[in-house]
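At position 214 of the sequence shown (counting the first as 1) the number is 360 in our numbering, and the numbers step up by one without a gap. The C-beta atom is built at its ideal place from N, Cα and C for all residues, glycine as well. Here the structure is a predicted model, which means the values were calculated and not measured.
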Amino acid sequence: MNVSAIDWAVFWPPVRLSLQVALLSSVIAAVCGIAVAWKMSRTSFRGKIFLETAFMLPLVLPPTVVGFILLVLLGRKSLLGRWIEAIFSAPVIFSWWAAVIASVVVAFPLVYQTMKSGFSGIDRDLEDAGRSIGANEWQVFRYISLPLAGRALMTAFILGFARALGEFGATLMIAGNIPGKTQTVPTAIYVAVDSGNQTMAWMWTGSVILISFIMLLLTRQPRDGKA
């Protein structure tokens, strides 16, 4: 690989945009995932299994299917798409916000499942003890449940970030591949390979591998200094 042939002005924009999209979408997915996982792990109702299955669908559906559904829901011909365009004076499709939405959708199942497992592993007696001394549900959640599920929270956020960072299919369909505007690292790699630019493809691939490795390494930090 000829490092001197790297065009850094071309290399950095997709990396910055990918980090920006991944960070914002992982925060949104984490907030939504925590709220839904808490509610679902503490309630039981008819049809719960069907709702949970729907939550997990983006994890198994082809990204192009997810992208097509989002395109229909958010396109300029849809009611929601026209409503968004009327408010912001611009369509959401083919903007970097479209990439955020696609990343939130595909990252949510990982966040939800991880947080649900974290909340399910909490000793209910500890929560009941908090209620017995007058704590309301928000206080029980804030001061007991969430701290006890702290490791699951960190894992959920990092997995959501890594999933959002690597999102390609749905992002390409609703955000496109506009250099400097909506081109993320995965779409940049696709274009680089298609045009035969192996140097840039390897550089972007290496950046994603490095970032993902660091994020996943954080989830494997030993507890109490033990390996």
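Smallest Cα separation from residue i: which of the options?
i, options, result
"THR260", "LEU305, TRP284, LEU216, GLN285", "LEU305"
"ALA248", "ALA232, ILE290, GLU198, ALA310", "ALA310"
"MET361", "LEU165, TRP242, TRP158", "LEU165"
"VAL252", "MET346, THR345, CYS178, ASP340", "CYS178"
"ARG366", "VAL354, MET300, TRP348", "MET300"
"GLY221", "SER353, PRO159, ILE355, GLY322", "GLY322"
"LEU356", "VAL331, TRP154, VAL339, ASP340", "VAL331"
"ALA275", "TYR289, SER187, ALA176, THR189", "TYR289"
"MET186", "PRO325, PHE303, GLY264, LEU217", "GLY264"
"LEU169", "LEU219, PRO255, VAL182, GLY312", "GLY312"
"TRP243", "LEU163, SER353, TRP350, ASP340", "LEU163"
"VAL173", "PHE254, VAL286, VAL354, ALA338", "PHE254"
"LEU256", "SER190, THR333, ILE195, PHE307", "PHE307"
"PHE303", "LYS194, VAL250, LYS223", "VAL250"
"TRP284", "ALA181, VAL167, ALA155, TRP154", "ALA181"
"VAL156", "PRO325, ILE233, SER358", "PRO325"
"ARG188", "LEU226, LEU219, GLU273, MET349", "GLU273"
"VAL246", "ILE195, VAL167, ALA334, PHE359", "VAL167"
"PRO159", "PHE314, PRO204, ARG192, THR328", "THR328"
"TRP348", "LEU363, ILE335, GLU231", "ILE335"
Along the chain, where does the alpha helix (DSSP H) that runs through residue i open and close?
i, result
"ALA295", "First-last for ALA295: undefined, no H or E at that position."
"ARG366", "Where ARG366 is concerned, there is no enclosing alpha helix (DSSP H), given that its DSSP letter is neither H nor E."
"PHE157", "154-188"
"GLY276", "270-278"
"ALA316", "315-321"
So is the beta-carbon of residue i under 7 Å away from any non-hydrogen atom of the ligand ATP?
i, result
"LEU272", "The ligand ATP is not part of this structure, which contains no ligands at all."
Comparing the C-beta of residue i with each C-beta of chain B, is any distance below 8 Å?
i, result
"ASP269", "Going by chain labels, chain B is absent from the structure shown, which holds only one protein chain."
(request) May I ask you to verify whether the region 234-251 touches the region 280-291, counting CB pairs closer than 8 Å and requiring at least 3? (result) Not touching, per the Cβ criterion.
(message) Ignoring anything shorter than 4 residues, give me the alpha helix (DSSP H) runs that lie fully in the region 197-246, in order along the chain.
(response) Counting only runs of 4+ residues, the alpha helix (DSSP H) found wholly inside the region 197-246 occupies 209-220, 225-234, in chain order.
(message) Using 8 Å as the cut-off, can you tell me whether the region 265-273 makes contact with the region 288-300, which would need three or more C-beta pairs spanning the two stretches below that distance?
(response) Yes: the two stretches touch, three or more of their Cβ pairs being nearer than 8 Å.
(request) May I have a chain-ordered list of the alpha helix (DSSP H) segments no shorter than 4 residues that lie completely inside the region 323-362? (result) As for any alpha helix (DSSP H) of minimum length 4 sitting wholly inside the region 323-362, the runs are 331-340, ordered along the chain.
(request) Taking 8 Å as the threshold, find out whether the region 212-229 comes into contact with the region 307-324 through three or more Cβ pairs. (result) Verdict: yes, contact present.
(message) Below 8 Å, how does it come out for the region 189-202 and the region 338-356: are there three or more Cβ pairs, yes or no?
(response) Cβ pair count under 8 Å is below three, so no.
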